[in-house]
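First residue of the sequence shown? That's 1 in our numbering, and the numbers climb one at a time after it. Here's the structure we're looking at; comments come further down.
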Amino acid sequence: MPTPVEEDDVTTLLRQAALNADTHLNRAIDSIDHHFGEGFAAEHPELISVFIQIASIDHVGGIIAQQIRAGFDDIVQAIRATQYY
């Protein structure tokens with residue numbers, strides 16, 4: 001059964017979110033410049049924005065999938081615990 005999020009967990013999540021944003025920003029610039037030439041990212045900030053959005057959506061999708069899997073695992077365990085052999 002999931003437990004409530006502790007205040008320390010929220011602080012950790014907020015710090016991690018900032019680090020993730022910074023990582024996505026740097027990767028976006030590096031990737032865009034790699035594919036389109038040095039300085040292209042600076043000239044086209046809209047590409048950076050889209051790159052960060054896609055990376056963030058992908059990250060959140062992975063977290064949601066993990067939580068769904070964990071929930072299904074809990075359901076399977078509960079069903080098995082109630083079965084009589």
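Cβ atoms here follow ideal geometry from the backbone N, Cα and C, with glycine treated the same way. Predicted model only: the values in this text are computed from it and were never measured.
Sorted by chain position, which residues of the same chain lie with C-beta nearer than 6 Å to residue i's C-beta, five sequence neighbours on each side aside?
{"i": "Ala55", "result": "His24"}
By the three-class DSSP mapping on this structure, what secondary structure does residue i have?
{"i": "Glu38", "result": "coil"}
{"i": "His44", "result": "coil"}
{"i": "Gln53", "result": "helix"}
{"i": "Gln83", "result": "coil"}
{"i": "Pro2", "result": "The predicted position of Pro2 is uncertain, since its pLDDT is 48 and thus under 50; a value taken from the coordinates is nonetheless stated next. Looking at Pro2 - three-state DSSP - the assignment turns out to be coil, as it is neither helix nor strand."}
Taking the beta carbon of residue i as the centre, do at least 16 other beta carbons fall within 10 Å, making it buried, or is it exposed?
{"i": "Ala18", "result": "exposed"}
{"i": "Ala28", "result": "buried"}
{"i": "Met1", "result": "Low confidence applies here, because Met1 scores a pLDDT of 45, under 50, leaving its location unreliable; read the following figure in that light. So Met1 ends up on the exposed side."}
{"i": "Ala65", "result": "exposed"}
{"i": "Ala70", "result": "exposed"}
{"i": "Ile68", "result": "exposed"}
{"i": "Ile63", "result": "exposed"}
{"i": "Ile75", "result": "exposed"}
Going by beta carbon distance, what residues of the same chain come within less than 7 Å of residue i, once the five residues before and after it are set aside?
{"i": "Ala78", "result": "none"}
Sort the options by Cα distance to residue i and report the nearest one.
{"i": "Asn26", "options": "Phe36, Asp74, Leu13 and Ala41", "result": "Ala41"}
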